[in-house]
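**Q** If you scroll down you'll find the structure; I have some questions about it.
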Amino acid sequence: MFLHEERPYCDYSFPLNPQQSTYSSFPPEWKDAVLRSQCRDAAKVEAQGEICAQQTRVSLQGRELWDTFRGIGTEMIITKAGRRMFPACKVSVTGLNPKTKYVLMMDMVPFDDSKYKWNKDRWETNGVTEPHLPNRFFIHPDSPALGERWMQYPVSFHKLKLTNNTLNTNGLVILHSMHKYQPRLHILQTPDPCGPHSRGYLRFTFPEAAFIAVTAYQNPQITKLKIDNNPFAKGFRDHGLNGKRQRERPVQNSRKQPAESSHETGPRSPTAAKAFDAGDGADLTVSSSEDACASASRAEGGAGPNPFISAFMRRCAADTACGVEEWAEGIKLLSSQDTLPATPYAR
DNA sequence: TCGCCTAACACATTTGAATAGC
DNA sequence: AGCTATTCAAATGTGTTAGGCG
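Following our numbering, the numbering of the first sequence begins with 5 at its first residue and continues without gaps.
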């Protein structure tokens, strides 16, 4: 069960004018990424449709935990079989038409042009990024659903999985290891046969949720933070001595020694704990942090610059008889294909 | 030798079916 | 008969670790 946070939203008030700067309120280090995203997204603007007729607002939940991770340098494990994100992306949406159906999707976009490497105790750039892989969208399993449903509770993308397996056909989001990414939310209005201009499309990126994809954690502080906050990793708390192997072999000389630093940063942060506890199924309120300012960038309204989405929406536009269910099914089929068109921002 | 990746592992949580009680 | 609560096993999600690979 999800509950709305009681704290004020970190509103991203998305102006209808797509050219208006939206990154001015971001921390300076995000500005480049947001600007690049907007440049990429500025490929074209088509009919914005009903979805833009209102002030659609999106806010990332669990900000304090995200901020804690970001302060250290968020890392996300990617595996061949797919690994969930922690923290998971969870957003509150307002300003949708309650009686209109929408599809919510999420994908990952490159944060910058760099490849990274872990050098002793910090991340350093390590050459230029590899070509971005074709977009894989994670379609929220509740899609399509009425706007009132999306606005009723925060929308969690906790089932989104990341992989480095480019051959996977299971709808996982494919990433390159040692590259930095940021989540991007897509809100697509489902077609309304009665309104030819009612197919809206909005995108929101979340620079504060940027992370480096890794196959093994590099920063022990991140490992500790994950262990302290992820219930599935509870077995590694208490200096990791819960594990059988650790009990049997207490001394390990490895770069991965999260237990050693388990007390260096003190007990579980109350704010981080609170943020986590407010996660899935917990009825707690996350208090607002002082710097919890706007962080998501709004991409332009209108049809997506991503050719996949553009082509799909054109197809729907041409086929007014396309029902909502067929439309959503089409998205799912397309997103599961191996060979999607290259994105306009592929490098 | 180094950096990165993979698979197996132990442990904890989540999920869902089966059962009991009202 | 239908609903709710409880129990329990299976499935799933974690980080750890050793070893492979280029």
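Using N, Cα and C, we set each Cβ at its ideal position, and we do this for glycine too.
#1: Measuring alpha carbon to alpha carbon, tell me which residue in 167, 101, 72 is nearest residue 151.
#2: Taking all protein chains shown into account, do 16 or more other C-beta atoms lie within 10 angstroms of the C-beta of residue 177, making it buried, or fewer, making it exposed?
#3: Does DSSP classify residue 80 as helix, strand or coil?
#4: Just the C-alpha distance for residue 148 and residue 105, rounded to the nearest angstrom, thanks.
#5: Taking the straight line between their C-alpha atoms, what separation do you get for residue 93 and residue 215?
#6: State yes or no: is the C-beta of residue 223 within less than 8 Å of the C-beta of residue 82?
#7: Consult DSSP for residue 286 and reduce its assignment to one of helix, strand or coil.
#8: For the beta strand (DSSP E) holding residue 98, just list the boundary residues, first then last.
#9: Who are the Cβ neighbours of residue 36 in its own chain at under 6 Å, not counting the five residues just before and after it?
#10: Going by alpha carbons, who is nearest to residue 96 out of 114, 131, 208?
#11: Tell me whether residue 146 is buried or exposed, calling it buried when 16 or more other Cβ atoms sit within 10 Å of its Cβ.
#12: Taking 8 Å as the limit between beta carbons, can you name the residues of its chain near residue 132, skipping five residues before and five after?
#13: Can you name, in chain order, every residue of its own chain whose Cβ lies under 7 Å from the Cβ of residue 121, other than the five neighbours on each side?
#14: With the cut-off set at 8 Å, would you say residue 161 and residue 80 are in Cβ contact?
#15: I'd like the list of long-range same chain contacts for residue 170, defined as Cβ closer than 7 Å, with 5 residues on each side in sequence excluded.
#16: Apart from the five residues just before and just after residue 89, which ones in its own chain have a Cβ nearer than 7 Å to its Cβ?
#17: Use the C-beta contact count for residue 238: other C-beta atoms within 10 angstroms, 16 or more gives buried, fewer gives exposed.
#18: Let me check understanding here. Comparing Cα to Cα, which of 211, 219, 59, 236 lies closest to residue 70?
#19: Going by alpha carbons, who is nearest to residue 135 out of 184, 125, 189?
#20: Mind checking who residue 183 pairs with in its DSSP beta bridge?
#21: Where does residue 59 sit, in a helix, a strand or coil, going by DSSP?
**A** In this structure, then:
#1: Here residue 151 refers to the residue found at position 147 when the first sequence is read from its first residue. Looking at the Cα atoms, 101 is the closest of the given residues.
#2: Start at 1 with the first residue of the first sequence, and residue 177 comes out as number 173. That one is buried.
#3: Taking the first sequence and counting its residues from 1, the one referred to as residue 80 is at position 76. If DSSP states are grouped into helix, strand and coil, residue 80 belongs with the strands.
#4: The residue given as residue 148 occupies position 144 in the first sequence. The residue given as residue 105 occupies position 101 in the first sequence. One C-alpha to the other measures close to 6 Å.
#5: Translated into the one-based positions of the first sequence, residue 93 becomes position 89. Translated into the one-based positions of the first sequence, residue 215 becomes position 211. Rounded to the nearest angstrom, the two C-alpha atoms are 12 Å apart.
#6: On the first sequence, residue 223 is found 219 positions in, with the first residue counted as 1. On the first sequence, residue 82 is found 78 positions in, with the first residue counted as 1. No, the pair does not count as a contact, with Cβ atoms beyond the cut-off.
#7: Locating residue 286 in the first sequence gives position 282, where the first residue counts as 1. In this prediction, residue 286 has a pLDDT of 25, which is less than 50 and means its spatial position is unreliable; what the coordinates show is noted afterwards. Coil, per DSSP.
#8: Sequence index remark: in the first sequence, residue 98 carries index 94 (1-based). Counting along the chain, the beta strand (DSSP E) containing residue 98 begins and ends at 94 to 98.
#9: Here residue 36 corresponds to residue number 32 of the first sequence, with the count starting at 1. Summary for residue 36: the model assigns pLDDT 48, below 50, so the residue's position carries little reliability, and this model does not support an answer.
#10: Along the first sequence, read from residue 1 onward, the residue named residue 96 stands at position 92. The shortest Cα separation from residue 96 among 114, 131, 208 belongs to 208.
#11: Within the first sequence, the letter at position 142 stands for residue 146. Exposed, because fewer than 16 other Cβ atoms sit within 10 Å of the Cβ of residue 146.
#12: Your numbering for residue 132 matches position 128 in the first sequence. The residues are 117, 118, 119, 351.
#13: Walking along the first sequence from the start, residue 121 turns up at place 117. Cβ neighbours of residue 121 beyond the five flanking positions: 128, 130, 182.
#14: Locating residue 161 in the first sequence gives position 157, where the first residue counts as 1. Locating residue 80 in the first sequence gives position 76, where the first residue counts as 1. Contact: no.
#15: Residue 170 sits at position 166 when you count from the first residue of the first sequence. Closer than 7 Å at the Cβ level, and outside the excluded window around residue 170, lie 137, 178.
#16: Working through the first sequence from its first residue, we reach residue 89 at position 85. 80, 164, 166.
#17: Taking the first sequence and counting its residues from 1, one reaches residue 238 at position 234. Residue 238 should be labelled exposed.
#18: In the first sequence, counting from the first residue as 1, residue 70 sits at position 66. Measuring from the Cα of residue 70, the nearest candidate turns out to be 211.
#19: Indexing the first sequence from 1 puts residue 135 at position 131. Ranking the options by Cα distance to residue 135, first place goes to 184.
#20: As a first step, residue 183 must be located in the first sequence, where it is residue number 179. DSSP lists 119 as partners of residue 183.
#21: Sequence index remark: in the first sequence, residue 59 carries index 55 (1-based). In the structure shown, residue 59 sits in coil (DSSP, three-state: anything other than H, G, I, E or B).
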